[in-house]
Amino acid sequence: MGLIVDRRDQEFVLYEMLGLQELFATARFSDYSKDMFDMAIDLSKRISEEEVLPRYMEGDREGAKLVNGEVKVPQCYHYLHKIMNDSGLFTMAVSPEAGGQGFPYVIDLAAREYYVFNMGFLLYPEAAVGAAHLIEVYGTEEQKKKYMYKMYEGKWGGTMVLTEPEAGSDVGNLKTKAIPQADGTYKIVGSKIFISGGDSDLFENIVHPVLARIEGDPAGTSGISIFLVPKYLVNDDGTLGRKNDVTITGIEHKMGLKGSATCSMSFGDNGNCYAELLGQPRQGMKIMFQMMNEARLGMGLQGLGTASIAYLHALNYAKERKQGADLLNMQNPEAPRVSIVNHPDVRRMLLWMKSHVEGMRALVYLCALAIDRKEASEGEEAEKWHGIMELLVPITKAYCTDMGFRVTELAIQIYGGYGYCQDYPVEQFMRDLKIASIYEGTNGIQALDLVGRKMSQKKGANFINFLGEINKTLARYKDNPRLADISKDVQDAVNLLADMGMFFVQCGKEGKFLIPISNAYPFLNLMGTVALGWLLFWQSGIAYEKLDEICKQNNVDVNDKKAVAQLAKDHKEAAFYSGKIHSARYYITHVLPHAQAYAKAIKSQNLSMLDIPEESFAIE
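Numbering (the numbering used here) for the sequence shown: 677 to 1296.
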């Protein structure tokens, strides 16, 4: 059993469920094959198992350090960066024209799932690729030649420089200014905080995309531009020149991701911070949101990947750890000790973890595949998949990071006291993942984005198309009698979700804007819960069909539960499909009903969170 990702489940989601192979029939991806994708994922699996995981705790213990104004990363990161960069793993989805392999985005994410748990390390190369992609899309040919290729090659790094001490998530309130120069360049003056990988000794140079306001431009987000600020200026021949007027003023001491340098930075203390405009003036937010959306989907992947490795470690421990007698023999002091995986409460936790990990994998991959389908399609079909992606990004980011964190929490619970100690990596999984619900826009902001923007885009067409995809699945399995009970539960939940969408529309018509705004996060959780219910139901439909075939081949009555269970003991594929069915049934029976509670609370129109006087939260 792998301890990072369930490779069999990956295969199932990609090909048996989502039909990735359909991309091969499109002009965009006709040169690719399943064998190529399998080789890429297998490479990622091997490197992660042999190199990344063994150095995971080492990077955490050593941490990033600020020495004489420069950041020193854990020594093992240098080795990991070289071996992974040389393998081409960081640029799988980058266009061949820019030096990448041009793989579908979903395959890039599937490969990254194997090492995304080590985000303390991964933030450095991922930020470099993300910043390079900004230049690829919005930069001039000169900027591409000057910066982009070296960033994609892994020689130079990159960042995302947004946050300021007084602005935080209120980006429009930023104070950093850009002063135009006679030669068309700019001088930047300002301070930034919480900059992941703001400096490191992994790279020869670092290119910072910095949000700033050109002197004289209007306040708010509409007046923001974005600039390329290199750590070292680049000479005409490509060699490095003087160090730019950029200072690392400190690094944060964090509960997790200790190998990642979260920097505070000062620009232009000496009035000589060189910068180049990226794109057009006042396009800063539009341009940065490209990187932000990619990063938010990446955060969903971080939630999934960390949940996956935490679940598999907990499962392995539960199989090996012997404690207590079997439930039916607990009164017998002579009864043999059994593995804790046999205890009902441990099995409850493991099945909760399993169902959520499998549901999140389907959600993350579906969101990524929507990007690929948009790229491979034209007209209305392309628009449909782009819209579904836009709708799913905030849900994927928020729901997967929150539920992923809960999976890591349960992993510690299964380990017991050992899980709370640093002898095992599960405590680090939890520490490292917590930040994912905060950075790249807090999950509360994701909820506001969903309710305030994404639900109403194209007059609600994206939401309607999403519901349409769910109803296609329900229609596909409507005649399967073994799915009838959970099919009704999923249909009821979908109807509830649609009703809540209409409820929010009605609130808007009546001027009751505070109701959807104040309940944005519960609504996001409702939608995430229903989405996973749909995806797991879809998986169970496929699993029933495949299990029926296996039973027929082995002369087993599909309605004989004991016979099917015995078959699963001896037949790996039967065990796998049986597991998919149980995951779906558990989630739909035990978790999906939470959607009703969210809806009831929202529809109460209770605004206690606003009505309570500030002074009443606590009395001095």
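Quick reminder that beta carbons are idealized off the backbone N, C-alpha and C, glycines included.
Item to complete: Buried or exposed for G935, please, with buried defined as at least 16 other CB atoms from any protein chain shown within 10 angstroms of its CB.
Response: buried
For L699, list the residues DSSP reports as bridge partners. Answer is none; L699 lacks a bridge partner.
Worksheet entry | Sub-8 Å separation of L1159 and V1206 beta-carbons | no
Is K1030 helix, strand or coil when you go by DSSP? helix
Just the Cα atoms here: how many angstroms apart are P1070 and G932? A direct Cα-Cα distance of roughly 23 Å separates P1070 from G932.
Host alpha helix (DSSP H) of F870 (start-end): Run containing F870: none in the alpha helix (DSSP H); it sits in the beta strand (DSSP E), 862-872.
What do you get for M1178, buried or exposed, if any count of 16 or more other CB atoms within 10 angstroms of its CB means buried?
exposed
Just verifying my parser: in three-state terms, what is the DSSP assignment at V837? Strand.
query = Under 8 Å, do V1240 and S1254 count as touching if we go by C-beta distance?
reply = yes
Checklist entry - With which residues is I855 paired in a DSSP beta bridge? => result BP columns for I855 point to K863.
| message | For the pair the segment 865-880 and the segment 896-905, tell me if three or more CB-CB distances fall below 8 Å. | response | no
Hey, how far is the Cα of Q819 from the Cα of G917? 16 Å
Taking R684 as part of the beta strand (DSSP E), name the residues at either end of that continuous run. Careful: R684 lies outside any beta strand (DSSP E), inside the alpha helix (DSSP H) at 683-687.
- Flag this pair as yes or no: are the beta carbons of T1077 and S1113 separated by less than 8 Å? Yes, these two residues count as a Cβ contact at 8 Å.
Can you tell which of L785, V743, P1192 has the C-alpha that lies nearest to the C-alpha of Q1281?
P1192
(request) Mark T1265 as exposed unless 16 or more other C-beta atoms lie within 10 angstroms of its C-beta, in which case mark it buried. (result) Per the 10 Å Cβ criterion, exposed.
inquiry  = Rounded to whole angstroms, what is the Cα-Cα separation between E829 and T938?
reply    = 23 Å
TODO: Whole angstroms is fine: what's the gap from Y1262's alpha carbon to K1164's?
DONE: Each residue's Cα considered, the two are about 15 Å apart.
- Item | According to DSSP, residues forming a beta bridge with Y950 | K863
Pull the bridge partners of T938 from the DSSP assignment, please. Checking the DSSP bridge columns, you'll see T938 partnered with S872.
- Would T702 pass as a contact of A1052 if the rule is Cβ separation under 8 Å? Yes.
Spatial neighbours of P957 within its chain, please: CB distance less than 8 Å, with the 5 preceding and 5 following residues excluded, ordered by chain position.
I890, D893, S901
For E1225, does the three-state DSSP call read helix, strand or coil? helix
Any contact of the segment 1042-1057 with the segment 693-711, i.e. 3+ C-beta pairs under 8 Å?
yes
- Task: Return the CA-CA distance between P856 and Y862, expressed in angstroms with no decimal places.
- Result: Each residue's Cα considered, the two are about 5 Å apart.
- Query: Nearest to K1110 by CA position, among L694, I1088, R1082, is which residue?
  - Reply: R1082
Thinking just about the alpha-carbon of each residue, which of K1245, D1246, Y1220 is nearest to the one in N1235?
Y1220
Take Y993 and list the residues in its own chain whose beta-carbon comes closer than 6 Å to its own, dropping the five residues that flank it on each side.
Y1091
Can you tell which of S1194, R1013, G1204, Y1274 has its C-alpha closest to the C-alpha of D1287? S1194
Exercise. Which residue's Cα is closest to the Cα of L719: A786, L1126, E734?
Worked result: A786
With a floor of 3 residues, list each beta strand (DSSP E) that falls wholly inside the segment 985-1012, ordered by position along the chain. 998-1001
If the criterion is Cβ atoms closer than 8 Å, does the pair G1080 and A983 meet it? yes
| query | Does the segment 821-835 come within contact of the segment 768-776, defined as at least 3 CB pairs closer than 8 Å? | reply | yes
Checklist entry - Exposed or buried, R1129, counting other C-beta atoms within 10 Å across all chains shown (16 or more means buried)? => result Per the 10 Å Cβ criterion, exposed.
For this session: To the nearest angstrom, report how far apart F713 and M1203 are at their CA atoms.
Result: Looking at the two C-alpha atoms, the distance is approximately 31 Å.
**Message:** For I985, which residues in the same chain have their Cβ closer than 6 Å to its Cβ, ignoring the five residues on either side in sequence?
**Reply:** Sequence-distant Cβ neighbours of I985 in its own chain, meaning closer than 6 Å and more than five residues away, are I680, F793.
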